[in-house]
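Protein chains in written order, with the UniProt record's numbering: chain A, 1 to 115; chain B, 1 to 115. A virtual CB, placed ideally from N, CA and C, is assigned to each residue, including glycine. Input: a single structure, listed below in structure tokens.
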DNA sequence: GCTCTAATTTGACATACATCTAAGCCTCTT
DNA sequence: AAGAGGCTTAGATGTATGTCAAATTAGAGC
């Protein structure tokens, strides 16, 4: 790691995003830019075993099952979660690699060391 | 820092977000969940001196000045950038604290150490 | 096979949003 | 003070999106 990598700002502020990268990242960000989907994501990720049943998620909101299902589909299409049917129920879990993409985009490259 | 903080997942996956926190974060994320605004943010942040003139930004897109102005306003309202008029031109710069909020939300709490 | 529950899909609707044109405001220059 | 350039605001319009009700698929158990 060179000194050049030590600076104050996130990767998004290091160099201009290409049009293509921006479009791809915007799609990912749109998926999480909703209060219900943020809560779904955090509920799935923090649930025991790292996975949650749709039934648990639906009960936690004052929304209909189709609406929750819609939001889960948006998250799954974006690659943020992955679903699996086991018997009667469907379980979702987080895809950490995709979440990390967002973390990398906004994470500061270094702490404000001595300053 | 205790051992408990060393785990695989981002803070969003640590515990369920409250309704209020989710709403606040969603507002912030909506501001960046647009390809034009992502590029604006990265162009401003990576520009020499950490600030960019609106004129530079407008020329970089095939969009009208009012549209760019609108996007800048969205970013500014979200607290992601801050603008200042100096003479004829208006300069924008990034507000790192706000960007860091997003970084903190999605950043893994620890590297996949030995695994 | 039939029924019940879990979850998704479809279609409709109201709202939110990205974009443009036209108009207005601020600053510098002449 | 009058004009010109830079930027924002206001209003209009087409598209995208969040939500629900109704219909559909899938599995479990009787």
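CA-to-CA, the gap between residue 91(B) and residue 44(A) works out to about 42 angstroms. Residue contact with chain B for residue 73(A): absent (no Cβ-Cβ distance below 8 angstroms to any residue of chain B). By the Cβ criterion, the region 42-59 of chain A is not in contact with the region 70-85 of chain B, since fewer than three pairs of Cβ atoms, one from each stretch, lie closer than 8 angstroms.
Going by beta carbons, residue 41(B) and residue 32(B) fall inside the 8 angstroms limit. Here residue 52(A) is buried: its Cβ has 16 or more other Cβ atoms, across all protein chains shown, within 10 Å.
Around the CB of residue 39(B), 16 or more other CB atoms lie within 10 Å, so the residue is classed as buried. In the DSSP assignment, residue 74(A) falls within the unbroken alpha helix (DSSP H) covering 65-77.
At a cut-off of 8 angstroms between C-beta atoms, residue 78(B) does not count as an interface residue with respect to chain A. Under the 8 angstroms criterion on CB atoms, residue 85(B) is classed as non-interfacial with respect to chain A.
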